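Q:
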Amino acid sequence: MGWFSQRTGQHKERQAARWLKQQGVHIITRNYRCKGGEIDLIGQTQDKILVFFEVKHRQTSDQGHPAEALTPQKQQRLLHAAQRFVQQHPKYQCDPMRFDLLTFLGEQTTPDWWPAAFGGW
960 MGWFSQRTGQ
970 HKERQAARWL
980 KQQGVHIITR
990 NYRCKGGEID
1000 LIGQTQDKIL
1010 VFFEVKHRQT
1020 SDQGHPAEAL
1030 TPQKQQRLLH
1040 AAQRFVQQHP
1050 KYQCDPMRFD
1060 LLTFLGEQTT
1070 PDWWPAAFGG
1080 W
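Just so we're aligned: 1030 in this note's numbering is position 71 of the sequence shown, and the numbers increase by one with no gaps anywhere.
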């Protein structure tokens, strides 16, 4: 990923975090990394659901919708990282969990929210 794409991705992740807070989601951490995976945002909804958010952005739809970037391989890496996070933070082990996708297309400032974008648990 080039520096421009990386900076744009970081900007969209910040936008997504701000927007989620406005929706009542408590952001637990950003850019959680472990060996073999990374999660853009981890949050908890008002009804105590632990949510692992993947944020995807594409400048144009020429290469498809941003949601198409959530490949099965990426899903596996997210699942692995989520398992590691819960192992390291046992207070969340009994909480319901899900994987959501937030997408931005072009200059869109409010993400499209895809709750339970894929299974896992």
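We put the beta carbon where it would ideally sit given N, CA and C, even for glycine. Every value quoted in this text rests on a predicted model; they were computed, and no experiment measured them.
Note down the Cα distance separating Cys-1053 from Asp-1006, rounded to an integer number of angstroms.
A: Here residue 1053 refers to the residue found at position 94 when the sequence shown is read from its first residue. Here residue 1006 refers to the residue found at position 47 when the sequence shown is read from its first residue. For Cys-1053 and Asp-1006, the distance between alpha carbons rounds to 13 Å.
Q: Looking only at C-alpha atoms, which of Gln-981, Ala-1028, Phe-1044 and Ser-1020 sits nearest to Glu-1013?
A: As a first step, residue 1013 must be located in the sequence shown, where it is residue number 54. Selected option, being the one with the closest Cα: Ala-1028.
Q: Counting Cβ pairs closer than 8 Å, one from the segment 974–987 and one from the segment 1053–1071, do we hit at least three?
A: With the cut-off at 8 Å, the segment 974–987 and the segment 1053–1071 touch.
Q: If you follow the beta strand (DSSP E) that Lys-1015 is part of, which residue opens it and which one closes it?
A: The residue you call residue 1015 lines up with position 56 of the sequence shown. Residues 1009–1017.
Q: How would you call Phe-963, buried or exposed, if buried means at least 16 neighbouring beta carbons within 10 angstroms?
A: The sequence position of residue 963 within the sequence shown is 4, counting from 1. For Phe-963, the predicted model reports a pLDDT of 48, less than 50, meaning its position is unreliable; a value from the coordinates is still stated below. It is exposed - the Cβ of Phe-963 has fewer than 16 other Cβ atoms within 10 Å.
Q: Using the Cβ count rule (16 or more neighbours within 10 Å means buried), how would you classify Ala-1075?
A: Locating residue 1075 in the sequence shown gives position 116, counting from the first residue. Ala-1075 should be labelled exposed.
Q: Quick one: Cα of Gln-969 to Cα of Pro-1049, how far?
A: Residue 969 sits at position 10 when you count from the first residue of the sequence shown. Residue 1049 sits at position 90 when you count from the first residue of the sequence shown. Spanning the two alpha carbons is a distance of roughly 28 Å.
Q: So who's on the other strand from Gly-996, going by DSSP bridges?
A: For this step, residue 996 is matched to residue 37 along the sequence shown. Looking at the DSSP assignment, Gly-996 forms a beta bridge with Cys-993.
Q: Along the alpha helix (DSSP H) that carries Ala-1041, what are the first and last residues, could you check?
A: On the sequence shown, residue 1041 is found 82 positions in, with the first residue counted as 1. 1031–1047 is the extent of the alpha helix (DSSP H) around Ala-1041.
Q: Take the Cβ of Lys-1015 as the centre, count every other Cβ of all protein chains shown within 10 Å, and call the residue buried at 16 or more, exposed below.
A: As a position in the sequence shown, residue 1015 is number 56, starting the count at 1. Classification of Lys-1015: buried, given that the 10 Å Cβ count is 16 or more.
Q: Out of curiosity, what's the CA-to-CA distance linking Ser-1020 and Ile-998?
A: The count along the sequence shown starts at 1 and reaches residue 1020 at position 61. The count along the sequence shown starts at 1 and reaches residue 998 at position 39. Between Ser-1020 and Ile-998, the C-alpha separation is close to 24 Å.
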